[in-house]
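I have placed the structure first, in the form of structure tokens, so that the comments after it can refer back to it.
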Amino acid sequence: MKKIAIFQTDLNFGGIQKSLINLLNNIDYKKYEIDLYLTCQDNIFMSDLNKKVNVFYIKPLPYLTRVVYFNILKLFYKSQVKKEYDIAIDFNSYSMDTALAAVKTKARKKIIWVHNDIDLKLNEEPKYRTLYKFFKSKYKYFDSYVAVSNGALESFERHHCDADKEYNVI
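Count along the sequence shown from 1, then add 320; that gives the number in my numbering.
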């Protein structure tokens, strides 16, 4: 049985949250043991989650760490996860908390979900442009990337293409 750790901020309102719940409700739990790590304990959609998912809570980073470069945070971040996994997934992909937790967890493979069109976000959202400068280096620490659409994948590859990495669309 493969052991998978998934890192997400919360299970409140949002497309990422509903997408995660749908994914977790369609997994074959005879093949996979899923541990879901959340940074928020108030979760509206917790009751929609498959009961076979093990839920754990990790302490969130202080708000100001959003404007600290990922490589610097990585130097000081101590993993709160003691288990070892086959796969660690940053499902959120926006959060420094989830990225650091996934990167610092002992796992054979690290995967990050890509939920957006980076080109579009950089062109249309000043806040994203600013934050992107601080977190963009995180992508090099993942072995694989999973995009939610071909457009999101193409945009991601333009900014973070690496011939040694695996790219997928779900």
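Quick reminder that beta carbons are idealized off the backbone N, C-alpha and C, glycines included.
- Whose CA, out of 329, 475 and 457, lies closest to the CA of residue 392? Taking only the C-alpha atoms, the option nearest residue 392 is 457.
- Item | Endpoints, beta strand (DSSP E) assigned at residue 376 | For residue 376, the uninterrupted beta strand (DSSP E) segment begins and ends at 374-377.
- Taking only the alpha-carbon atoms, compute the straight-line gap between residue 467 and residue 434 and give it to the nearest angstrom. Looking at the two C-alpha atoms, the distance is approximately 5 Å.
- Validate contact between the segment 444-451 and the segment 343-357 using beta carbons, cut 8 Å, 3 pairs: They do not touch, by the three-pair rule.
- Item | Cut-off 7 Å between Cβ atoms - residues of its own chain near residue 476, not counting five sequence neighbours on either side | In its chain, beyond the 5 residues on either side, 434, 438, 465 and 467 have a beta carbon closer than 7 Å to the beta carbon of residue 476.
- Query: For residue 325, which residues does DSSP report across the bridge?
  - Reply: Residue 325 pairs with 355 and 408.
- Item | Through-space distance from residue 417 to residue 368, alpha-carbon basis | So the two alpha carbons sit approximately 24 Å from each other.
- Kindly indicate the opening and closing residues of the alpha helix (DSSP H) around residue 452. First-last of the alpha helix (DSSP H) with residue 452: 446-455.
- CA-CA distance, residue 386 and residue 375? Taken atom to atom, the span from the alpha-carbon of residue 386 to that of residue 375 is near 25 Å.
- Query: Roughly how many whole angstroms lie between the Cα atoms of residue 398 and residue 428?
  - Reply: Spanning the two alpha carbons is a distance of roughly 18 Å.
- Where the alpha helix (DSSP H) containing residue 336 begins and where it ends: If you look at residue 336, you'll find it in the alpha helix (DSSP H) that goes 335-344.
- Item | Burial state of residue 412, where buried means 16 or more other Cβ atoms lie within 10 Å | The residue in question, residue 412, is buried, as its Cβ has 16 or more Cβ neighbours within 10 Å.
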